[in-house]
Amino acid sequence: MQPIVLFDGICSLCNSAVAWLIERDRKEVFRFASLQSDAAAQALAAADAPESLPDSMVLIDETGVYTRSDAALRIAKHLGMPWSLAYLGRVLPRPLRDWIYALIAKHRYRWFGKTDTCRVPSPAERARFLDADEPVRVIADPPPQPASTATPAPLSGLGSRFLIAYFLLYMFPMPLGSIPGVNVFSQLYQRIWRLIVPPIGEHVFGVDATTFPAGSGDTTFNYVQLAVFLVLALMIAGVWQWRARAVAVAARTWELFRIYCRFYLGAYLLYYGLVKVLPAQFPYPGPERLLNTIGETSPMGLLWTFIGASPGYQIFGGAGEAIGGLLLFWRRTTLLGALVSAGVLTNVVALNYFYDVPVKLFSSHLLLVAIILIAPDVPRLLSLLVLRLPTSPRVDTPVFRDPVLRRFLAVGQTCLLLFFIISPLWSGYSRVTQSGLLAPTGELHGIYQVESFSHGDNASWTRVGINDKWNLLVFKRADGSGERLRGEIDTEAETFTMKRDESESILVYRWLDDDTLELTGSLEDDELTVVLRRDEEPLLTSRGFRWVNEVPYNR
Numbered sequence: 003m004q005p006i007v008l009f010d011g012i013c014s015l016c017n018s019a020v021a022w023l024i025e026r027d028r029k030e031v032f033r034f035a036s037l038q039s040d041a042a043a044q045a046l047a048a049a050d051a052p053e054s055l056p057d058s059m060v061l062i063d064e065t066g067v068y069t070r071s072d073a074a075l076r077i078a079k080h081l082g083m084p085w086s087l088a089y090l091g092r093v094l095p096r097p098l099r100d101w102i103y104a105l106i107a108k109h110r111y112r113w114f115g116k117t118d119t120c121r122v123p124s125p126a127e128r129a130r131f132l133d134a135d136e137p138v139r140v141i142a143d144p145p146p147q148p149a150s151t152a153t154p155a156p157l158s159g160l161g162s163r164f165l166i167a168y169f170l171l172y173m174f175p176m177p178l179g180s181i182p183g184v185n186v187f188s189q190l191y192q193r194i195w196r197l198i199v200p201p202i203g204e205h206v207f208g209v210d211a212t213t214f215p216a217g218s219g220d221t222t223f224n225y226v227q228l229a230v231f232l233v234l235a236l237m238i239a240g241v242w243q244w245r246a247r248a249v250a251v252a253a254r255t256w257e258l259f260r261i262y263c264r265f266y267l268g269a270y271l272l273y274y275g276l277v278k279v280l281p282a283q284f285p286y287p288g289p290e291r292l293l294n295t296i297g298e299t300s301p302m303g304l305l306w307t308f309i310g311a312s313p314g315y316q317i318f319g320g321a322g323e324a325i326g327g328l329l330l331f332w333r334r335t336t337l338l339g340a341l342v343s344a345g346v347l348t349n350v351v352a353l354n355y356f357y358d359v360p361v362k363l364f365s366s367h368l369l370l371v372a373i374i375l376i377a378p379d380v381p382r383l384l385s386l387l388v389l390r391l392p393t394s395p396r397v398d399t400p401v402f403r404d405p406v407l408r409r410f411l412a413v414g415q416t417c418l419l420l421f422f423i424i425s426p427l428w429s430g431y432s433r434v435t436q437s438g439l440l441a442p443t444g445e446l447h448g449i450y451q452v453e454s455f456s457h458g459d460n461a462s463w464t465r466v467g468i469n470d471k472w473n474l475l476v477f478k479r480a481d482g483s484g485e486r487l488r489g490e491i492d493t494e495a496e497t498f499t500m501k502r503d504e505s506e507s508i509l510v511y512r513w514l515d516d517d518t519l520e521l522t523g524s525l526e527d528d529e530l531t532v533v534l535r536r537d538e539e540p541l542l543t544s545r546g547f548r549w550v551n552e553v554p555y556n557r
């Protein structure tokens with residue numbers, strides 16, 4: 003006999019699945035009928051099907067009656083290659099397969115919608131439908147389907163409570179730490195954790211967790227703190243679930259958590275995005291960076307050079323972050339902002355992991371926050387973008403109904419947004435004009451070849467880089483080693499005062515001609531005289547952009 007697929011005729015997801023099957027069933031293997039039809043009842047009776055059957059999809063073939071995940075896998079098997087490969091899913095335990103199937107079936111109307119009449123086959127499809135000649139069946143008194151007025155939690159009660167507890171522990175005290183006048187609370191909060199985490203690291207994990215984050219978010223301290231967050235979140239979620247008597251998380255509670263997630267993610271994306279737009283996060287490669295060979299450069303240093311060498315690309319990436327962050331500050335555009343943010347952050351996380359940038363934990367959590375904001379709308383997105391089914395809009399009711407309170411919060415939100423925009427713009431502008439791309443370079447700035455070198459016990463210098471924006475002098479020795487010295491350049495006295503460990507050295511410079519520079523002085527009681535010839539600008543910063551390339555210039 004030909005396999006018969008019985009489906010819920012008023013379920014939009016089931017109807018979409020049938021349309022998908024018809025399109026790919028070129029050999030016309032299957033016959034179809036809605037579960038609500040007389041033809042379905044006759045087919046089930048002829049197959050001696052049990053009285054209790056799921057109301058979503060059933061398969062009848064020569065070997066028997068199949069339901070839930072078994073029905074889906076058998077349908078794939080009958081469909082032929084490559085779809086029959088899905089039949090390998092039988093290796094998964096049936097309870098797990100059926101649980102996933104039942105979860106989707108249970109929420110199919112809410113996620114994908116329904117109609118009040120069973121599916122009517124087209125003229126080309128009539129021969130394949132057992133119920134094609136039956137009158138159109140209208141489902142009496144179909145339940146109303148108003149637009150959703152609340153964002154559902156993506157997990158069960160305990161799962162949602164754990165999610166809320168963990169991310170509140172992780173995100174707090176943002177934004178208190180960035181607002182002048184109240185950042186004292188943030189400092190106090192961080193100080194408390196710095197008292198708690200090191201003893202736990204020592205006595206529980208046997209590690210030293212006393213290196214506190216300062217430019218890196220992947221220290222041992224951070225990992226131990228995350229472990230503490232996980233344990234505390236489990237305890238909080240358990241007590242909360244017990245006190246709530248296992249009732250689902252209230253829609254208002256979940257929406258307040260989403261608001262905090264929106265502002266947390268939006269603030270950070272605006273900061274990092276606008277700093278890149280200026281562009282100030284990744285400095286344009288200076289002499290100290292260009293003096294290194296690729297082999298001497300760390301993965302993170304290579305990434306910083308790669309992005310810093312192209313201000314246009316840095317601005318492009320920053321604009322994506324800033325746009326995603328900005329959209330999160332309005333409820334109506336939250337989903338769009340979260341989708342943009344997730345796309346941008348996926349790239350950021352990949353760069354951090356694959357180039358060993360020590361903000362893996364932080365960037366990963368930002369991406370997770372974006373996913374949390376997207377998660378409740380995933381079924382609607384799948385319905386629209388994958389199944390190509392119409393989806394009803396969600397009309398969100400206000401979290402706060404008092405008009406005076408709402409106006410007050412709107413003013414506060416506007417002020418907070420302006421702060422999150424102005425603060426990174428001011429910080430980035432100061433950085434880019436004082437020491438970045440827009441800062442003027444002095445006469446010493448550049449890379450030099452060493453023409454002569456007289457010294458005491460030091461190995462001979464071969465190349466020197468001077469970055470007068472950052473008051474840096476970098477030199478390479480003949481044995482391949484090098485050193486970076488930070489100090490202060492005094493153009494009036496024509497001196498370079500360098501700090502090396504605890505000592506201080508002074509080099510006097512003078513120009514012998516337009517391209518020749520002489521340095522004299524002492525370096526840790528070692529007298530030296532160095533004559534430098536200005537080198538040509540490296541290819542990385544001199545090549546520039548070309549519309550026309552007759553051949554690839556890949557060096």
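Counted the way the working numbering counts, the sequence shown spans residues 3 to 557.
Just so it is clear, CB atoms sit at the ideal spot from N, CA and C, and this is done for glycine as well.
Next item on the list: Mind listing, in chain order, the continuous alpha helix (DSSP H) runs of no fewer than 4 residues lying wholly within the region 256-342?
Entry: 289-292, 301-310, 313-329
Margin query: Using only the alpha-carbon positions, how far apart do Arg433 and Lys116 sit?
Written below: Translated into positions along the sequence shown, residue 433 becomes position 431. Translated into positions along the sequence shown, residue 116 becomes position 114. Going from the Cα of Arg433 to the Cα of Lys116 covers about 56 Å.
Check: Near Val350, which residues of its chain fall below 7 Å by C-beta distance, leaving aside the five closest residues on each side in sequence?
Finding: Mapped onto the sequence shown, residue 350 falls at position 348. Counting only Cβ-Cβ distances below 7 Å, and skipping sequence neighbours, we find Ser365.
Next item on the list: Would you tell me roughly how many angstroms separate the C-alpha atoms of Phe455 and Ser462, rounded to the nearest one?
Entry: Your numbering for residue 455 matches position 453 in the sequence shown. Your numbering for residue 462 matches position 460 in the sequence shown. Rounded to the nearest angstrom, the two C-alpha atoms are 6 Å apart.
Next item on the list: Could you spell out the range, first to last residue, of the alpha helix (DSSP H) harbouring Lys362?
Entry: The residue labelled residue 362 in the question sits at position 360 within the sequence shown. Its alpha helix (DSSP H) spans residues 362-376.
Next item on the list: Provide the residue(s) that pair with Phe131 in DSSP beta bridges, ordered along the chain.
Entry: Your numbering for residue 131 matches position 129 in the sequence shown. Phe131 pairs with Phe34.
Checklist line | Residue from Arg245, Val186, Met173 whose Cα sits closest to the Cα of Gly159 | finding: One-based indexing of the sequence shown puts residue 159 at position 157. Measuring from the Cα of Gly159, the nearest candidate turns out to be Arg245.
Next item on the list: My understanding is that Leu267 touches Ala324, with C-beta atoms under 8 Å, so please give their C-beta distance in whole angstroms.
Entry: For this step, residue 267 is matched to residue 265 along the sequence shown. For this step, residue 324 is matched to residue 322 along the sequence shown. The pair is not a contact, with the Cβ atoms about 12 Å apart (cut-off 8 Å).
Notebook entry, point to check: Within 10 angstroms of its Cβ, does Tyr286 collect 16 or more other Cβ (buried), or is it exposed?
Noted result: Here residue 286 is taken as the residue at index 284 of the sequence shown, counted from 1. The residue in question, Tyr286, is buried, as its Cβ has 16 or more Cβ neighbours within 10 Å.
Notebook entry, point to check: So, is Val186 buried or exposed, given that buried needs 16 or more other C-beta atoms within 10 angstroms?
Noted result: By one-based count along the sequence shown, residue 186 stands at place 184. Its Cβ having fewer than 16 others within 10 Å, Val186 is exposed.
Checklist line | For Lys590: DSSP bridge partner residues | finding: The chain is shown from 3 up to 557; residue 590 falls before or after that span and cannot be answered.
Next item on the list: Taking all protein chains shown into account, decide if Leu336 is buried (16 or more other Cβ within 10 angstroms of its Cβ) or exposed.
Entry: Numbered from 1 along the sequence shown, position 334 holds the residue referred to as residue 336. The residue you asked about is not Leu; residue 336 is Thr in the sequence shown. Buried: at least 16 other Cβ atoms inside 10 Å.
Check: Mind pulling the beta strand (DSSP E) runs of 3 or more residues that sit fully within the region 416-499?
Finding: 448-456, 463-469, 474-479, 484-492
Check: Which residues bound the beta strand (DSSP E) around Gly66?
Finding: Residue 66 sits at position 64 when you count from the first residue of the sequence shown. Residues 66-69.
Note to self: Spatial neighbours of Glu490 within its chain, please: C-beta separation below 6 Å, excluding the five flanking residues on both sides.
What the structure shows: Numbered from its first residue, the sequence shown carries residue 490 at position 488. Correct list, in chain order: Asn473, Thr499.
Check: Which runs of the beta strand (DSSP E) fall wholly inside the region 38-89 and span at least 3 residues, in chain order?
Finding: 59-63, 66-69
Check: The beta strand (DSSP E) spanning Ser162 covers which residue range?
Finding: Taking the sequence shown and counting its residues from 1, the one referred to as residue 162 is at position 160. That residue, Ser162, is in no beta strand (DSSP E); its alpha helix (DSSP H) goes 159-173.
Next item on the list: Compute the distance between the beta-carbons of Ala45 and Ile62, then report whether it is under 8 Å.
Entry: Taking the sequence shown and counting its residues from 1, one reaches residue 45 at position 43. Taking the sequence shown and counting its residues from 1, one reaches residue 62 at position 60. Yes, the pair counts as a contact, with Cβ atoms nearer than the cut-off.
Notebook entry, point to check: For Asp481, which option in Asn556, Arg465, Trp242 has the closest C-alpha, if you only look at C-alpha atoms?
Noted result: Mapped onto the sequence shown, residue 481 falls at position 479. Taking only the C-alpha atoms, the option nearest Asp481 is Arg465.
Next item on the list: Write down the C-beta distance between Leu389 and Phe214 rounded to the nearest angstrom, noting that I regard them as a contact closer than 8 Å.
Entry: One-based indexing of the sequence shown puts residue 389 at position 387. One-based indexing of the sequence shown puts residue 214 at position 212. Their Cβ separation, rounded to whole angstroms, is 50 Å, which puts Leu389 and Phe214 out of contact at 8 Å.
Item checked: Cβ neighbours of Leu284 in the same chain (closer than 8 Å, five flanking residues each side left out) -> If you number the sequence shown from 1, residue 284 lands on position 282. Residue identity differs from the one stated: residue 284 is Phe in this sequence, not Leu. So the qualifying residues of the chain are Lys278, Trp306, Ile309, Gly310, Gln316.
Checklist line | Cα-Cα separation between Arg545 and Leu519, rounded to whole angstroms | finding: Sequence index remark: in the sequence shown, residue 545 carries index 543 (1-based). Sequence index remark: in the sequence shown, residue 519 carries index 517 (1-based). Using only the alpha carbons, I get a separation of about 26 Å.
Next item on the list: Leaving out five residues on either side along the sequence, give the residues of the same chain with a beta carbon under 8 Å from the beta carbon of Leu258.
Entry: The sequence position of residue 258 within the sequence shown is 256, counting from 1. Correct list, in chain order: Val401.
Note to self: Just list the residues that DSSP pairs Gly208 with in beta bridges.
What the structure shows: Position 206 of the sequence shown, counted from the start, is the residue given in the question as residue 208. Gly208 is not bridged to any residue.
Checklist line | For Ser124 and Arg28, the rounded distance between their alpha carbons | finding: Locating residue 28 in the sequence shown gives position 26, counting from the first residue. Locating residue 124 in the sequence shown gives position 122, counting from the first residue. Those two C-alpha atoms are separated by around 17 Å.
Next item on the list: With DSSP as the reference, please indicate the residues paired to Ile508 in a beta bridge.
Entry: Locating residue 508 in the sequence shown gives position 506, where the first residue counts as 1. DSSP, once it has assigned bridges, lists Thr499 as partnering Ile508.
Checklist line | Run of the beta strand (DSSP E) containing Arg535, from where it starts to where it stops | finding: Counting from 1 along the sequence shown, the entry for residue 535 is found at position 533. That run of the beta strand (DSSP E) goes 529-536.
Next item on the list: Measuring alpha carbon to alpha carbon, tell me which of Cys13, Asp40, Ile77 ends up nearest Phe32.
Entry: To locate residue 32, count along the sequence shown from 1; it is residue 30. When only C-alpha atoms are compared, the closest one is Ile77.
Note to self: Per the DSSP calculation, Glu520 is bridged to which residue(s)?
What the structure shows: Taking the sequence shown and counting its residues from 1, the one referred to as residue 520 is at position 518. Looking at the DSSP assignment, Glu520 forms a beta bridge with Arg512, Val533.
Notebook entry, point to check: Nearest-angstrom Cα distance between Leu427 and Asn469?
Noted result: On the sequence shown, residue 427 is found 425 positions in, with the first residue counted as 1. On the sequence shown, residue 469 is found 467 positions in, with the first residue counted as 1. Roughly 25 Å separates the two Cα atoms.
Margin query: Buried or exposed, going by whether 16 or more other CB atoms sit within 10 Å of the CB of Trp513?
Written below: As a position in the sequence shown, residue 513 is number 511, starting the count at 1. With fewer than 16 other Cβ atoms within 10 Å, it is exposed.
Margin query: With a threshold of 7 Å on Cβ separation, who are the neighbours of Gly430 within its own chain once the five nearest residues in sequence on each side are excluded?
Written below: Walking along the sequence shown from the start, residue 430 turns up at place 428. Result list for Gly430: Leu276, Val277, Leu280, Ala282, in chain order.
Item checked: Reference Ile194, options Val93, Gln227, Thr416, closest by Cα -> For this step, residue 194 is matched to residue 192 along the sequence shown. Nearest of Val93, Gln227, Thr416 to Ile194, Cα basis: Gln227.
Check: Does the Cβ of Gly297 have 16 or more other Cβ atoms within 10 Å, making it buried, or fewer, making it exposed?
Finding: Numbered from 1 along the sequence shown, position 295 holds the residue referred to as residue 297. So Gly297 ends up on the exposed side.
Next item on the list: Going by DSSP, name the residue or residues bridged to Val7.
Entry: Start at 1 with the first residue of the sequence shown, and residue 7 comes out as number 5. In DSSP, Val7 forms a bridge with Phe34, Leu61.
Margin query: On the CB-based measure, 16 or more other CB atoms within 10 Å of its CB, does Cys13 come out buried or exposed?
Written below: Taking the sequence shown and counting its residues from 1, the one referred to as residue 13 is at position 11. When all chains shown are included, Cys13 counts as buried.
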